[in-house]
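Participant: If you read the sequence shown in the working numbering, its first letter stands for residue 931, the second for the next number, and so on.
Submitted below is the structure of interest, expressed as C-alpha cells.
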Amino acid sequence: MPSGSAIRGSRVGAGPMGEAERGDAAPRILISYFCAQGHETSPSFAHDAEFPIEWDCPKCGMPAG
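This is the structure:
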C-alpha cells in the first residue's frame, strides 16, 4: 500500500479561482417561472441575454411560464 502524503484525487494548482483571475461576473437577473402545480423556479440569466418564455419545472417537469 503506498504511503504518500498527497491527498488522493488532488492535483497541483487545484483550488478556488477568484474574480481576480476570471474577471468580473456579468450582471445577472432572476426570472421567476410558475408551473400549473404552483411550483416556482427562479433561474438567473445574464442581464443583457434573452431569456425563454417557458421553463421546465424541475420538480414535476411541467412547463412553467
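Glycine included, C-beta positions come from ideal geometry on N, C-alpha and C.
Using a threshold of 8 Å, state whether the C-beta atoms of Ser962 and Ser972 are closer than that.
Facilitator: Counting from one through the sequence shown, the residue named residue 962 turns up at place 32. Counting from one through the sequence shown, the residue named residue 972 turns up at place 42. In contact: Ser962 and Ser972 (Cβ atoms closer than 8 Å).
Participant: Per DSSP, which residues does Ala976 bridge with? Please list them.
Facilitator: What you label residue 976 is simply residue 46 of the sequence shown in a count that begins at 1. Bridge partners of Ala976: Arg958.
Participant: Buried or exposed: Cys990, going by 16 or more other Cβ atoms within 10 Å of its Cβ?
Facilitator: Translated into positions along the sequence shown, residue 990 becomes position 60. Looking at its Cβ environment, which holds fewer than 16 other Cβ atoms inside 10 Å, Cys990 is exposed.
Participant: Applying the 10 Å Cβ sphere with the 16-neighbour rule, what's the burial state of Ala979?
Facilitator: Counted from its first residue, the sequence shown places residue 979 at position 49. Within 10 angstroms of the beta-carbon of Ala979 lie fewer than 16 other beta-carbons, which makes it exposed.
Participant: Do Ala994 and Cys987 come within 8 Å of each other at the CB atom, strictly closer than that value?
Facilitator: Walking along the sequence shown from the start, residue 987 turns up at place 57. Walking along the sequence shown from the start, residue 994 turns up at place 64. Result yes, Cβ atoms of Cys987 and Ala994 sit closer than 8 Å.
Participant: Thinking C-alpha only, which one of His969, Gly968 and Phe964 is nearest Glu984?
Facilitator: Position 54 of the sequence shown, counted from the first residue, corresponds to residue 984. Proximity to Glu984 across His969, Gly968 and Phe964 peaks at Phe964, based on C-alpha coordinates.
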